[in-house]
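Written out below as structure tokens is the structure these notes cover.
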Amino acid sequence: MSFFLWDNEAEIKERQKRRANEFNRIGEKVYSFFIDTAISEGFENREGQWDMSCEITDAMKDKRHILVEAGVGIGKTFAYIVPLLYYHKKYNQPIIIATSTIALQEQLASDLQTIQDIIHYHPDIVLVKGQNHFLCKYR
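When the letters of the sequence shown are read in order and numbered with this note's numbering, they come out as residues 992 to 1130.
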């Protein structure tokens, strides 16, 4: 005998609405971080940076991939770390950031610490360096 649990349409719509509202709040925090908090902490306002960060938040909200290209010095690491930390703070889901160089990993570790201090949120961070530590479904 098989049992199937079907969510009724109203429950599904309510969950979708709740998720959209939660991501709207995350988006507001991300925007506020770049417009208010970062500037008060002595960082410069970089429109491209907070715009990229909001686009990343929207992509997470819509459960879609996003490819972002930006020039040197725009602040890409802050642009994706900020929404990821706010997402983690809300959902406590693991986040993986893969890089091609150890130098970039070290920059990320430094930027993570800075952002964590600013938003007063310090989740466990694991920094894994080297070619022996990469994600592969066959290893």
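Glycine is no exception: its CB is placed at the ideal position from the N, C-alpha and C atoms.
Are the CB atoms of residue i and residue j nearer to each other than 8 angstroms?
| i | j | result |
| --- | --- | --- |
| residue 1073 | residue 1106 | yes |
| residue 1067 | residue 1017 | no |
| residue 1040 | residue 1065 | yes |
| residue 1052 | residue 1024 | no |
Please classify residue i: does DSSP put it in a helix, a strand, or coil?
| i | result |
| --- | --- |
| residue 1037 | coil |
| residue 1115 | coil |
Counting along the chain, where does the alpha helix (DSSP H) carrying residue i start and finish?
| i | result |
| --- | --- |
| residue 1014 | 1000-1023 |
Taking 7 angstroms as the limit between beta carbons, can you name the residues of its chain near residue i, skipping five residues before and five after?
| i | result |
| --- | --- |
| residue 1118 | 1096, 1100 |
| residue 1088 | 1099 |
Using a Cβ-Cβ cutoff of less than 8 angstroms, which residues in the same chain neighbour residue i once the five nearest sequence positions on both sides are dropped?
| i | result |
| --- | --- |
| residue 1084 | 1078 |
Kindly say whether residue i, judged by its beta-carbon, lies nearer than 8 angstroms to any beta-carbon of chain D.
| i | result |
| --- | --- |
| residue 1023 | Structure shown: chain D not included; a single protein chain is present. |
Open item on the list: To test your reading of the DSSP string, which unbroken alpha helix (DSSP H) runs of 4 or more residues are found completely within the region 1045-1113?
Closed with: You should have 1067-1082, 1093-1110.
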